[in-house]
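So in my numbering, spot 587 of the sequence shown is number 592, and the numbers just go up one at a time.
Everything on this sheet refers to the single structure shown next.
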Amino acid sequence: MSQPTIESILQEKRLFPPSAEFSQNAQIKSLEEYQHLYDKAKADPEAFWDQLAKSELHWFQKWDKVLDWQPPFAKWFVNGKINISYNCLDRHLTTWRKNKAAIIWEGEPGDSRTLTYAQLHREVCQFANVLKSLGVKKGDKVGVYMPMIPEAAVAMLACARIGAVHSVVFGGFSAEALRDRLIDGQAKLVITADGGWRKDAIVGLKPQVDKALEAGAVPSVENVLVVQRTKQEVNMQEGRDHWWHELQQKASADCPAEPMDSEDMLFILYTSGSTGKPKGVVHSTGGYNLYTHMTTKWIFDLNDTDVYWCTADVGWITGHSYIVYGPLSNGATTVMYEGAPRGSNPGCFWDVIEKYGVTVFYTAPTAIRAFIKMGEQHPNARDLSSLRLLGTVGEPINPEAWMWYHKVIGGERCPIVDTWWQTETGGIMITPLPGAIASKPGSATRPFPGILADIVDLDGNPAGDNEGGYLVVKHPWPSMMRTVYGDDDRFRRTYWEHIAPKDGKYVYFAGDGARRDEDGYFWVMGRVDDVLNVSGHRLGTMEVESALVSHPAVAEAAVVGKPDELKGEEVVAFVTLEGTYQGSDELSKELKSHVVKEIGAIARPGEIRFTDALPKTRSGKIMRRLLRNLAAGQEVSGDTSTLEDRSVLDKLREGT
Ligand code: 7RM
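What follows is the structure, encoded as structure tokens:
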């Protein structure tokens, strides 16, 4: 098994249409229906979204204008008033869904809990009052550093309810990474838990928060709320730290949702780029609510008999859009699982599917590849017949993994939606609509209605069939990021200036390379910048390099990705050492732990290579292309004439 190469993917001609039965019952039932929606949206995007916003969501006040586009800044549903927590909760309470399961939570080890819409609403209202009682107001920023427990969703919805902006930080990030994000986002309060389950062990979260806040490092933080999850002893700082359950018990359950402006900030979520520190991606309320609602409805094809499970963590955009907001806005039942695939429990995912009769299942290629390795006896020993639709996200899926997913998990009857999108796009952009578009293994197929995706060269000229180029979006869409938090200029530079069409039009550049085949299907090939994709997680090479050079032994570091069967990519670091330091296995171990401490386990280098010098151009730029070749054990390809000192390359080669 390996990552798809351009050649192997272009030879992939197999076509998997949905069954007639699936199509008949689907939200979007045929290619014609998709094409009609797509054409209608393309001809008049504003009219298309205007109509859906009216029919699909509750608004306290209608908008004056659908779109105000001052490139690259978009405003959607101008002057409309809406609350996403209302759309996710209150509006279902006047229907039979009041007592329908909103969240089914499967914890570790063996805990479980179900919250109906009425119960979830009550928890959210109470917790919103807790936040208010601690002085949190509309526009205040709230850090959320939580394990995968229902309280994470409650925290997000409670913030949204009172107009506070949540900034969820993945619980696997280190104290240092948490601190950076809390400082950048000026968090006023942090919500966390004593600890959480990670694979088979308890990991402390509160101690990381303590460390992040040490010595007044984040002066904006006034209070910390702590969920009691794992019950080990934690330090509670008088006046600053409060137990969730103590305040929650006392709080009133009466808390009407605050009418928010469409463009009020809903959340900040940090993501890695090719330069600098992670960016705070800003999403706003109205457009995000509409787009995640529509994509959930048409792509996951949800109806009231579905049990939908997305295996992401709420710390990532997939968790925000497709565990919490999209499914709940649709009144669906969403499963939340605290565990993760691991050797000690190779059937854990299949147990959850069997236990709850999951019908729609959404996971990442890296998880699928891990399960392939564990063997098909595990899924085969469970009843997976409830499944009717499968999805993938996070990285390109290799056709072998796709076929395994189709056969072993989907029993050859479930369509697979390969969904391409990003933190920045807020929702899924390129994907099959499962009842309408036939799949090809490895292709995300076609753009969602209203998404004008294209493949172009640096001047914005469209690429021919199978030619390849940069993946761009040519018209704003409702859930697009609004800016980089506190840095409009970085927003413009990063996403809107790389591709410069001659007509001066702004196009959104995603950072991915892609091809479109003769049937109009998109094949996303991966990042064309210095962003790695390790197990579906985004990682900037520069972040890892900064972490490495912050260690006293390291003079200089260059980080590249190496293709990896399971993770997609693995981090390989080339390191030069200060003065008297000598490369050794010990130092290698120490540097790996140092990166984990600085960023988190997802950034741990698989390999550290010590070297006397790094290959550079005459102007001093590290030639990563050469290092990528070396890391992959390939011959160095392409032009090396700009290399300043050829002997550096020869030495590096000898060292491999
Ligand atoms: C949702 C998410 C975004 C990057 C993106 C791509 C890669 C995601 C696919 C994919 C090929 C897919 N957000 N990517 N989905 N590549 N096919 N279906 O992953 O911000 O964390 O990452 O992930 O490179 O730019 S993210």
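Each residue gets a CB set at the ideal place from its N, CA and C atoms; glycine is no exception.
- Histidine 288 and methionine 270 have their C-alpha atoms spaced approximately 6 Å apart.
- For threonine 301, the Cβ stays outside the 7 Å cut-off from all heavy atoms of the ligand 7RM.
- Here tyrosine 367 carries a strand assignment [DSSP, helix/strand/coil].
- No Cβ-Cβ contact shorter than 8 Å links alanine 458 with proline 467.
- Taking tyrosine 361 as the centre and dropping the five residues before and after it, the same chain places the C-beta of Ile109, Glu111, Val312, Trp314, Val340 closer than 8 Å to its C-beta, in chain order.
- Per DSSP, reduced to three states, the secondary structure at glycine 144 is coil, with no helix or strand assignment.
- In this structure, lysine 34 lies near alanine 441, with their beta-carbon atoms less than 8 Å apart.
- Comparing alpha carbon positions, the residue from Gly320, Gly348, Glu502 closest to threonine 428 is Gly320.
- Counting only the Cα atoms, tyrosine 330 lies some 27 Å from arginine 495.
- Taken in chain order, the whole alpha helix (DSSP H) runs of length 4 or more contained in the stretch 229-256 are 249-255.
- Take glycine 324, set aside five residues on each side of it, and the residues of its chain with a beta-carbon closer than 6 Å to its own are Ala317, Asp318, in chain order.
- Isoleucine 604 and proline 437 have their C-alpha atoms roughly 35 Å apart.
- A check of alpha carbon separations from lysine 193 across Ala163, Val226, Val214 identifies Val226 as the nearest.
- In this structure, tryptophan 409 and glutamine 32 do not form a Cβ contact; the two beta carbons are roughly 27 Å apart against a cut-off of 8 Å.
- Taking C-alpha positions only, serine 624 is separated from alanine 372 by approximately 42 Å.
- Valine 489 and asparagine 538 have their C-alpha atoms spaced approximately 21 Å apart.
- Not one heavy atom of the ligand 7RM falls within 7 Å of the beta-carbon of proline 420.
- Secondary structure of glycine 291 (DSSP, three-state): helix.
- Within the same chain, Cβ atoms closer than 6 Å to the Cβ of valine 413 are found at Glu381, Pro384, the five residues on either side in sequence being excluded.
- Just so you know, the alpha carbons of valine 141 and alanine 169 end up roughly 7 Å apart.
- According to the DSSP secondary-structure assignment, lysine 284 is paired through a beta bridge with Thr276.
- By the CB criterion at 8 Å, lysine 216 and alanine 180 fall inside the cutoff.
- Phenylalanine 453 carries a coil assignment under DSSP once its states are collapsed to helix, strand and coil.
- Cβ neighbours of threonine 622 within its own chain (closer than 8 Å, five residues either side excluded): Met628, Thr647, Leu648, Glu649.
- Going by DSSP, serine 646 is part of no alpha helix (DSSP H) at all; its letter is neither H nor E.
- DSSP places lysine 479 in the coil class of the three-state scheme, outside both helix and strand.
- At the C-beta level, threonine 581 and aspartate 535 stay beyond 8 Å of one another.
- Checking the 7 Å criterion, the Cβ of asparagine 403 is out of range of every heavy atom belonging to the ligand 7RM.
- Per DSSP, the unbroken alpha helix (DSSP H) holding serine 138 starts and ends at 122-138.
- Setting aside the 5 residues that flank it on each side, aspartate 69 is surrounded in the same chain by Val83, Asn84, each with a C-beta closer than 6 Å to its C-beta; the list follows chain order.
- Between the ligand 7RM and the CB of arginine 543, the shortest heavy atom gap is smaller than 7 Å.
- Histidine 171 sits buried, since 16 or more C-beta atoms from the chains shown fall within 10 Å of its C-beta.
- Using a Cβ distance threshold of 8 Å, proline 620 and valine 577 do not count as a contacting pair.
- Residue pairing from DSSP places tryptophan 202 in a beta bridge opposite Ile207.
- It is roughly 32 Å from the alpha-carbon of histidine 41 to the alpha-carbon of arginine 102.
- Arginine 127 and proline 454 have their C-alpha atoms roughly 36 Å apart.
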